[in-house]
Amino acid sequence: MKDRTMLQHYSASWKKGLAALCLLAAAGLSGCDQKENTGAKVEYDGLSASQPLRVDANNHTVTMLVQINGRFLTDDTRHGIVFKDGSNGHKSLFMGYATPKAFYEALKQAGGTPGENMTMDNKETTHVTGSKLDISVNWQGAAKAYSFDEVIVDSNGKKLDMRFGGNLAAAEEKKTGCLVCLDSCPVGIVSNATYTYGAVEKRGEVQFKGNASVLPADNTLATVTFKIAE
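At position 140 of the sequence shown (counting the first as 1) the number is 139 in numbering that gives the first Met the number 0, and the numbers step up by one without a gap.
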C-alpha cells in the first residue's frame with residue numbers, strides 16, 4: 000500500500016513537471032513569434048530593416064530607412080543620422096538602418112564623388128568637400144517631402160551644405176556608425192560644409208536640433224532621400 004501511494008505521488012509530480020515544461024516551451028515559441036512580428040513592422044515605403052537602401056542611378060538618388068529619435072526634438076546634437084548599431088547610434092536625430100559601408104557604396108552607385116579631404120589632423124580647420132547633396136525627409140502622413148533645412152534647426156539660421164565626404168576607412172575603423180554629421184567630419188560619410196569640426200561640441204558656434212513643429216513623434220519610421228546635386 001505504501002509503495003502504491005509513493006508511485007502515485009511520483010506519477011503526479013512527473014505529470015506536473017511535464018506540464019510545466021510544455022508551458023515553458025509554448026511561451027518560448029510565442030516569444031520567438033513576437034520578435035519576428037516586431038521585426039516585420041520595421042518597414043516603410045518599400046524599405047525594411049533588412050533592405051534599408053534604395054538606389055535610383057538614373058535620377059542620382061539614394062533613399063534610406065530611418066527612425067525618429069524624439070530626444071533631439073528638444074536636445075542639441077551634431078549627429079544627423081547614425082547607424083543604429085554604431086557606438087553613436089543613440090546620439091542622432093535620425094537612427095539609420097543602413098551601415099556606413101552600404102551607404103557609401105550606394106552614394107557612389109548613384110553617381111556621387113567622395114571628397115576625401117578630411118583627416119583627424121585637419122578636421123578643425125577644413126570644410127568637407129565632395130558631391131553636394133540635396134536631402135529630403137518623408138513619412139506616413141507628411142504634408143510633403145521636407146528638405147533637411149526644414150527639419151533641422153540651425154541656431155544661427157544658416158543653410159546646410161551637405162557633402163559626400165567619403166571617409167569609409169575611418170568609419171570602419173572607428174565603428175561610430177556616423178552616416179550624416181552636422182559639421183564637417185573626418186568619420187561621417189556625409190557632413191555639413193557650413194561648419195568645421197568642433198563648431199558644435201567644442202567651440203559652441205552653433206546648436207542643432209530637430210524641428211519639433213514639423214517632424215513626427217518619437218520612433219516614427221521615415222525615409223531620407225539624398226540627391227546628387229552637383
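Cβ coordinates follow ideal geometry from the N, Cα and C atoms, glycine included.
Can you check which of these residues, the options, is closest to residue i by C-alpha distance?
| i | options | result |
| --- | --- | --- |
| proline 185 | Ser212, Pro113 and Gly209 | Pro113 |
| tyrosine 43 | Asn137, Glu171, Ala192 and Asn87 | Asn137 |
| glycine 69 | Val41, Gly45, Ala216 and Leu220 | Ala216 |
| histidine 59 | Leu46, Asp133 and Ser47 | Asp133 |
| lysine 100 | Glu200, Ala192 and Lys173 | Lys173 |
Grouping DSSP H, G and I as helix and E and B as strand, with all else coil, what is residue i?
| i | result |
| --- | --- |
| tyrosine 103 | helix |
| glycine 69 | helix |
| alanine 169 | helix |
| valine 213 | coil |
| glutamate 123 | coil |
| glutamate 42 | strand |
| alanine 221 | strand |
| aspartate 182 | coil |
| aspartate 148 | helix |
Residues in the same chain with beta-carbon distance under 8 Å from residue i, minus the five sequence neighbours each way, listed in chain order, please.
| i | result |
| --- | --- |
| threonine 195 | Lys122, Glu123, Thr124, Thr125, His126, Asp182 and Ser183 |
When we look at the beta-carbon of residue i and count the other beta-carbons within 10 Å, is it buried (16 or more) or exposed?
| i | result |
| --- | --- |
| methionine 119 | exposed |
| alanine 198 | buried |
| glutamine 139 | exposed |
| histidine 89 | exposed |
| arginine 202 | exposed |
| alanine 169 | buried |
| serine 135 | buried |
| glycine 209 | buried |
| asparagine 57 | exposed |
| alanine 142 | exposed |
| alanine 221 | buried |
| asparagine 87 | buried |
If I measure Cβ to Cβ from residue i and keep anything under 7 Å in the same chain, skipping five residues before and after, which residues do I get?
| i | result |
| --- | --- |
| isoleucine 80 | Val65, Ser91, Phe93, Gly95, Leu178, Val179 and Val223 |
| glycine 164 | Pro113, Gly114, Met117, Val127, Gly129, Cys184, Gly187, Ile188, Val189 and Ser190 |
| valine 150 | Val136, Gly209, Asn210, Val213 and Leu214 |
| glutamate 204 | Tyr194 and Ala198 |
Would residue i pass as a contact of residue j if the rule is Cβ separation under 9 Å?
| i | j | result |
| --- | --- | --- |
| valine 152 | glutamine 108 | no |
| glycine 176 | aspartate 74 | no |
| alanine 97 | valine 54 | no |
| phenylalanine 207 | serine 154 | yes |
| glutamate 200 | arginine 77 | yes |
Considering only residues of the same chain and omitting the five flanking positions on each side of residue i, which have a CB-CB separation below 6 Å?
| i | result |
| --- | --- |
| glycine 111 | Ser130, Phe163 and Ile227 |
| phenylalanine 102 | Leu178 and Ile188 |
| phenylalanine 225 | Val61, Leu132 and Ile134 |
| phenylalanine 71 | Leu92, Lys208 and Gly209 |
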